[in-house]
Structures are given as structure tokens and as C-alpha cells.
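Report on one structure; see the data block that follows.
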DNA sequence: CTAGGTTCTAGAGTCGGCTCTAGGGCAAGC
DNA sequence: GCTTGCCCTAGAGCCGACTCTAGAACCTAG
């Protein structure tokens, strides 16, 4: 049964996914689409709802920092069909760890930023009370625990 | 009193900050250093401990996604000295919001990724029980609540 | 004296991820 | 018939943030 679940134009897919039409064509060249996009009259792309769903997943993966080559890898595995599930799972787990690490890093950065915001708030509220306002102003002298935020 | 708090070479600063010497020179050109780096014999850079502290802050800001131009802006304000505190605070607050938004986005991405990991784990554990494993495998059919993750 | 390591400058190159341009096709409405 | 709007391809361009190169100076140890 040749599915006729009303195909979508590239513009419609752009709307639905938040990607630009340029990016959609780019992603296609990059092999990020699970199944080859169909073509209508005039070689125009015809996307299915499944394509849109897949792209939405790709958007999530990108938004969480997965590089395009890895998305392509995952796409390839899915295209290859069953037998590749272990590898897909491994890939997803790795990415999950990656996201958790990112969040961790951000949390640590946030602490320092919040601390500095606090310092400035105090400073502006009850006037520049302390005399320790040297040339580089108050930024120095925050505690020094920002280890392991981003080596190299 | 001309501080002689034992100056550091670019290589030592690289070690201490986790930045490469290339990046240190690059950052200097980009105006990311609060005070101009001193020079020793042979025009070699001499950094102070304060410079290192400042760079560590910059590393944190970068790691949390602040673009270099904004770091430069902040640096400029600090260089200008007192009177710019409100603006610095505003900048930091804006960045703080930005970081929170990032974390929020990541959290939402994480949910979906975790969900998919779960699906694959089930699938691999009690065999491919369900018959709904279509061409694009099991990826489709996750619930559809990933609104607002990354519009455009 | 020489060799090795670090540093210098100016500028070129790289990489990821888009983003845009040029030049053209086709279909619908005025 | 002509304009408008969406689409096509191939390929160039851009942006941010580094990263590296070439060619030279200096310093220390052997």
C-alpha cells in the first residue's frame, strides 16, 4: 500500500520543524533523513509526517549538542533496520551521558555567575561599602572553586 | 608599589587556565584581558595571578555559552572602573537567564533521550515483542510533547 | 658553540553548522 | 500573457572560535 498520507512541501516541513528550508536541504545532503525524500512534479520534495517526526527528533538531538556526523550515524543504523539496536542504544546512552555532563558543567558555571550577581547586588544596594575595590573592581576575590569546568 | 607577585609566562598561564597559548594570544587580541599584559625581555608576555583569575572567569563564561564579544563588553566595563556596575550586573543577570534557559532546554531534551533509551532497553531485554516495528524501526511513536525546544 | 625549548608576530587555515546566491522551473491568479 | 510565490540545484559565503604556520629571537644546559 503506497501511503498517501498527504505529503508535505519543504516549506510546510520548515514551519513544522522550525528548521529553514535551506537547512532542510542541507540536512538531506548530510544524510540526516531516515528514508530518501520522495519527489513530486518538478522534482519538488515531498515529505511524509514520519519525516517530520524524524526531523523533530533530529532537532532535539542537535539542540542537546549531538554533532551532525553522529546524527547521521544514528540515522544510518536506523536505515539498516533491525540488528543494529544495540548500537543505537549505546549511541543514545553515550549521548545521554554527554547531556548530563553538559548540565553538570552548566550548573557549576551557574553557581559562580549567581555568586557574582549577588556580589554586584550587594555592592549596588548598600553602596560600595568595602574599601577593597581595586583597579579591576570587585570581580576578583570570589572563592576559587571552579575546577574541572573545561579542561583545555 | 609596583607589584612583583612573581609573573607568569604564557605557558604557565596556559597550564593554569586550561587554555592553549594560541588561545591566550588570541584572547588578548580580542580584548578579553582586563589589564594590558606586561612584557618582559624579548617582548615576552608576563601575566600576573590576577590575570589568571580573570581568565578563569572568562573560561567559565565561555563554558556557559557567553560569546566572546559579550565577554569583551564585560571586560570593557570592568576596565572603565566604577560607575559601570549597574551595567555589569545587568549583563551578568542576562547571562544567568541565558544559562537557565539552556539548562531548561537540555532538561527537556534529556527527557526524550531517556525515554528512547528506555524503549530500546525494553526492546532488547524482552525481545522485539511488539509487532509495530516498522521500516524506520521503533523511533517513531514517542509521545509528541517536544514543543518549544528550539524554535528556528 | 650548539641544540632544544619557549616565546614572538602576522597572518592563514580549519571546522561545524548553517545561510545565501545565481539562475532557472512551474503553477495559480489577475 | 505576466507577475507572484514556492520550489529546484550547485556551489559560494559566513560566523564563531579557535588552531596552526613561518620565520625569527631569546634562554638554558651540555
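Chains as they are written, first to last, in the numbering used here: chain A, 1 to 152; chain B, 153 to 304. Think of the CB as a built atom: it goes at the ideal place given N, C-alpha and C, for glycine as much as any other residue.
Distance CB(residue i)-CB(residue j) smaller than 8 Å
i, j, result
"residue 30 of chain A", "residue 72 of chain A", "yes"
"residue 88 of chain A", "residue 199 of chain B", "no"
"residue 160 of chain B", "residue 189 of chain B", "no"
"residue 113 of chain A", "residue 248 of chain B", "yes"
"residue 99 of chain A", "residue 210 of chain B", "no"
Residue i, enclosing alpha helix (DSSP H) - first and last residue
i, result
"residue 88 of chain A", "85 to 125"
"residue 11 of chain A", "10 to 17"
"residue 199 of chain B", "Element bounds for residue 199 of chain B: n/a, residue is neither H nor E."
"residue 230 of chain B", "220 to 232"
"residue 28 of chain A", "21 to 29"
Residue i, buried or exposed, once every other Cβ within 10 Å from all chains shown has been counted against 16
i, result
"residue 278 of chain B", "exposed"
"residue 90 of chain A", "exposed"
"residue 283 of chain B", "In this predicted model, residue 283 of chain B has a pLDDT of only 45, less than 50, meaning its place in the structure is not dependable; the value taken from the coordinates is given anyway. Under this definition residue 283 of chain B is an exposed residue."
"residue 85 of chain A", "buried"
"residue 275 of chain B", "buried"
"residue 82 of chain A", "exposed"
"residue 197 of chain B", "buried"
Nearest neighbour of residue i, chosen from the options [CA to CA]
i, options, result
"residue 93 of chain A", "B:207, B:163, B:263, B:193", "B:263"
"residue 54 of chain A", "A:42, A:44, A:27", "A:27"
"residue 184 of chain B", "B:164, B:195, B:218", "B:218"
"residue 43 of chain A", "A:104, A:124, A:17, A:10", "A:10"
"residue 49 of chain A", "A:25, A:39, A:12", "A:12"
"residue 115 of chain A", "B:158, B:220, B:212", "B:212"
Distance between beta carbons of residue j and residue i, contact taken as under 8 Å
i, j, result
"residue 231 of chain B", "residue 186 of chain B", "6 Å"
"residue 258 of chain B", "residue 102 of chain A", "6 Å"
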